[in-house]
């Protein structure tokens, strides 16, 4: 069994190598090369987005945890329930606040990464236009690199959040002041929500860099420095 | 005719004005972060304050127009909620630390591109005889300026905004009578200034230190 | 098709704003170039050679005047149409090569056609083989020499089989030995029927072109030996050498 799986893998690797030689160069290759070339920054942008979507998932699950916690119980409330009930009321509001903050920062990260991409590669993008690639297509290339960072980050952050939920559930976090454990529970709709928020942030954040791109001229090719 | 002012500060200032969009991005990022950090830590200080004395005092009280009236409507009467609230504040503190890291990245990124675009300029400065230290100073002055502006913005615009927003959100909540009144003691103001400067100067230093050490010739050569 | 000249530049002007002053890059430029020509455009820096090439290549649009290429007026096209025009009809070669640093030589050649449904992959390979870069196809530009980079750029310019090739200081950044090779490559391409326009300072390059125009202050300088279009037709290289001596003397 072991042997077969390794030999299979080696065959597929060989196949991949031979396929690589015949691979047709297209926009996807271009985008992936670009993301890889600036990998240190890609990783930083990606982890920023991941951290923000992690926070989003964390607070959403906290809110969900509270709802679930009080849903099942009808009897005489325990002390823990009394304590937690006080937080429940404000929890939803904090979720809004944190979500807004996360989204604002996500917009900034996307805008920032996008502006850097457009400014740093001013000449390269102008070259593409000079040799006949139309502006919408060049914009697609830029948007493609940004999407990889954005959705990759959201994916990693959400998965990390999902992994942390069972660990954090009812665990007393007394880092800065004496507290109690909060109930956490993950609701699958959070994934959809974080994708929606991320897409919104991506659209908002990429509008400025794409605007800068449309304002630039293909004549930038000839400008030195 | 007036003698024209020219020193590292005016030099940096002219750059900040020239690159308005970039400066604004940095200022918005830092002030948002610092304001959030201020809010969460002022809540933390509120908790600490509460434990020490029954009187709730702090600089925030009355110093920011409009913000405090809302908080006065909340009575700290619940004994049970305190630990739960503290737990929430813990989570908020963790959040603000993560947000701080993200802001550091945004700052670093922005500074890195500013440096990259000005490689040639750095090369020229090096070529006409500026030392590495002097050029570093120019960029650090620029970073410090951004930091100071952001800090002032965070203190006088961001904090009341977030505090008011929080107050509004809390008031709307159904379990409402729970919250702690934020306290901003003088040491928190000092800490926030240190944190802001650390953020802006640290990211500037990290962004500039590598390119600044390359040779002037390499810096002035922009093409690949 | 059209009976007029292949390239017709008619009283084209172009001004650039440089701070408070304006620079007249082109000042009523008139020019006619026949199909299959190989023309060197010479002139001092700031004489408008580059601007002229950009106009003909559809990178820039004139303030006034018209430019016709093969009977098609390109000066009135919008940005999208001009991109299409550049893609199908013009091969650009730049002084600084302008290759994409993250892509291999072969991928750089294929960049102009990367959005096509069926990109001519084989053609890219053949072009690089022809440029003598068969074993360099997988290298990124950073690992190629100046001459090799320029040859990759030439292959890129040829991928769509354009009728017109515009080279702006193609030898400005490479040594004279390689420059000679590049120029003979240009000559080969010209023999195959491509119309070539080379803006250059380099006398070796200009001397090996079939004809030459001199540009100064945004218009074609007309001399005794010049035709109506301002072009000097050179029969052979000797003539240029003689001319050079005269200029030096």
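Protein chains in written order, with my numbering: chain A, 226 to 450; chain B, 13 to 236; chain C, 221 to 469.
Note that beta-carbon positions come from the ideal geometry of N, C-alpha and C, so glycine has one too.
Alpha-carbon spacing of residue i relative to residue j, whole angstroms
{"i": "residue 225(B)", "j": "residue 138(B)", "result": "10 Å"}
{"i": "residue 350(A)", "j": "residue 363(A)", "result": "7 Å"}
{"i": "residue 230(C)", "j": "residue 438(C)", "result": "13 Å"}
{"i": "residue 269(A)", "j": "residue 377(A)", "result": "12 Å"}
{"i": "residue 426(A)", "j": "residue 343(A)", "result": "18 Å"}
{"i": "residue 383(C)", "j": "residue 233(C)", "result": "25 Å"}
{"i": "residue 9(B)", "j": "residue 47(B)", "result": "The structure shown does not extend to residue 9(B), since chain B is modelled only from 13 through 236, so no value can be given for it."}
{"i": "residue 219(B)", "j": "residue 279(A)", "result": "27 Å"}
{"i": "residue 329(C)", "j": "residue 336(C)", "result": "14 Å"}
{"i": "residue 82(B)", "j": "residue 176(B)", "result": "Caution applies to residue 82(B), whose pLDDT of 40 falls short of 50 and renders its modelled position unreliable; the value that the coordinates give is listed next. Cα to Cα, the separation comes out at about 8 Å."}
{"i": "residue 22(B)", "j": "residue 348(C)", "result": "53 Å"}
{"i": "residue 409(C)", "j": "residue 300(C)", "result": "28 Å"}
{"i": "residue 348(A)", "j": "residue 445(A)", "result": "6 Å"}
{"i": "residue 344(C)", "j": "residue 375(C)", "result": "7 Å"}
{"i": "residue 225(C)", "j": "residue 250(A)", "result": "37 Å"}
{"i": "residue 294(C)", "j": "residue 253(C)", "result": "15 Å"}
{"i": "residue 415(A)", "j": "residue 285(A)", "result": "7 Å"}
{"i": "residue 327(C)", "j": "residue 355(C)", "result": "14 Å"}
{"i": "residue 164(B)", "j": "residue 36(B)", "result": "14 Å"}
{"i": "residue 421(A)", "j": "residue 326(A)", "result": "15 Å"}
{"i": "residue 199(B)", "j": "residue 431(A)", "result": "39 Å"}
{"i": "residue 277(C)", "j": "residue 341(C)", "result": "25 Å"}
C-beta atoms of residue i and residue j nearer than 8 Å
{"i": "residue 366(C)", "j": "residue 398(C)", "result": "yes"}
{"i": "residue 151(B)", "j": "residue 45(B)", "result": "no"}
{"i": "residue 162(B)", "j": "residue 60(B)", "result": "no"}
{"i": "residue 356(A)", "j": "residue 369(C)", "result": "no"}
{"i": "residue 28(B)", "j": "residue 119(B)", "result": "no"}
{"i": "residue 411(A)", "j": "residue 287(A)", "result": "no"}
{"i": "residue 462(A)", "j": "residue 331(C)", "result": "What the structure shows of chain A is the stretch from 226 to 450, and residue 462(A) is not part of that stretch, so it cannot be assessed."}
{"i": "residue 166(B)", "j": "residue 43(B)", "result": "yes"}
{"i": "residue 334(A)", "j": "residue 273(A)", "result": "yes"}
{"i": "residue 102(B)", "j": "residue 401(A)", "result": "yes"}
{"i": "residue 330(A)", "j": "residue 277(A)", "result": "yes"}
{"i": "residue 258(C)", "j": "residue 416(C)", "result": "yes"}
{"i": "residue 380(C)", "j": "residue 441(C)", "result": "no"}
{"i": "residue 423(A)", "j": "residue 379(A)", "result": "yes"}
{"i": "residue 336(A)", "j": "residue 271(A)", "result": "no"}
{"i": "residue 140(B)", "j": "residue 20(B)", "result": "no"}
Spatially closest choice to residue i from the options, by CA coordinates
{"i": "residue 105(B)", "options": "398(A), 286(A), 371(A), 265(A)", "result": "398(A)"}
{"i": "residue 53(B)", "options": "100(B), 20(B), 34(B), 95(B)", "result": "100(B)"}
{"i": "residue 474(C)", "options": "358(C), 388(C), 431(C), 297(C)", "result": "Outside the displayed range of chain C (221 to 469) lies residue 474(C), so it cannot be described from this structure."}
{"i": "residue 160(B)", "options": "202(B), 131(B), 208(B), 41(B)", "result": "208(B)"}
{"i": "residue 373(C)", "options": "256(C), 324(C), 436(C)", "result": "324(C)"}
{"i": "residue 394(C)", "options": "304(C), 292(C), 281(C), 314(C)", "result": "314(C)"}
{"i": "residue 302(C)", "options": "432(A), 283(A), 358(A)", "result": "358(A)"}
{"i": "residue 298(C)", "options": "288(C), 255(C), 280(C), 239(C)", "result": "280(C)"}
{"i": "residue 212(B)", "options": "148(B), 203(B), 123(B), 102(B)", "result": "123(B)"}
{"i": "residue 428(A)", "options": "371(A), 384(A), 379(A)", "result": "371(A)"}
{"i": "residue 436(C)", "options": "292(C), 404(C), 261(C), 381(C)", "result": "261(C)"}
{"i": "residue 97(B)", "options": "404(A), 435(A), 291(A), 441(A)", "result": "404(A)"}
Beta carbon proximity, residue i to chain B, threshold 8 Å
{"i": "residue 328(A)", "result": "no"}
{"i": "residue 285(A)", "result": "no"}
{"i": "residue 400(A)", "result": "yes"}
{"i": "residue 280(A)", "result": "yes"}
Proximity test, Cβ basis, 8 Å: residue i and chain C
{"i": "residue 233(A)", "result": "Unreliable placement is indicated for residue 233(A), whose pLDDT of 40 sits below 50; no coordinate value is reported for it."}
{"i": "residue 373(A)", "result": "no"}
{"i": "residue 347(A)", "result": "no"}
{"i": "residue 256(A)", "result": "no"}
{"i": "residue 334(A)", "result": "no"}
{"i": "residue 238(A)", "result": "Bear in mind that the predicted position of residue 238(A) carries a pLDDT of just 47, short of 50, making it unreliable; the figure below should be weighed with that in mind. Residue 238(A) does not count as touching chain C."}
{"i": "residue 241(A)", "result": "Only weak support is given to the placement of residue 241(A): the predicted model assigns it a pLDDT of 42, under 50, and the question is left unresolved by the model."}
{"i": "residue 338(A)", "result": "no"}
{"i": "residue 358(A)", "result": "yes"}
Below-8 Å beta-carbon distance, residue i vs any chain A residue
{"i": "residue 339(C)", "result": "yes"}
{"i": "residue 184(C)", "result": "The structure shown does not extend to residue 184(C), since chain C is modelled only from 221 through 469, so no value can be given for it."}
{"i": "residue 412(C)", "result": "no"}
{"i": "residue 48(B)", "result": "yes"}
{"i": "residue 347(C)", "result": "no"}
{"i": "residue 401(C)", "result": "no"}
{"i": "residue 419(C)", "result": "no"}
Contiguous alpha helix (DSSP H) assignments of at least 4 residues, all confined to the stretch 255-307 of chain C = 269-276
In the stretch 317-358 of chain A, which residue ranges form an unbroken beta strand (DSSP E) of at least 3 residues, counting only runs that do not cross its ends?
-> none
Please list the segments of the beta strand (DSSP E) lying wholly inside the stretch 372-439 of chain A, counting only runs of 3 or more residues, in order along the chain.
-> none
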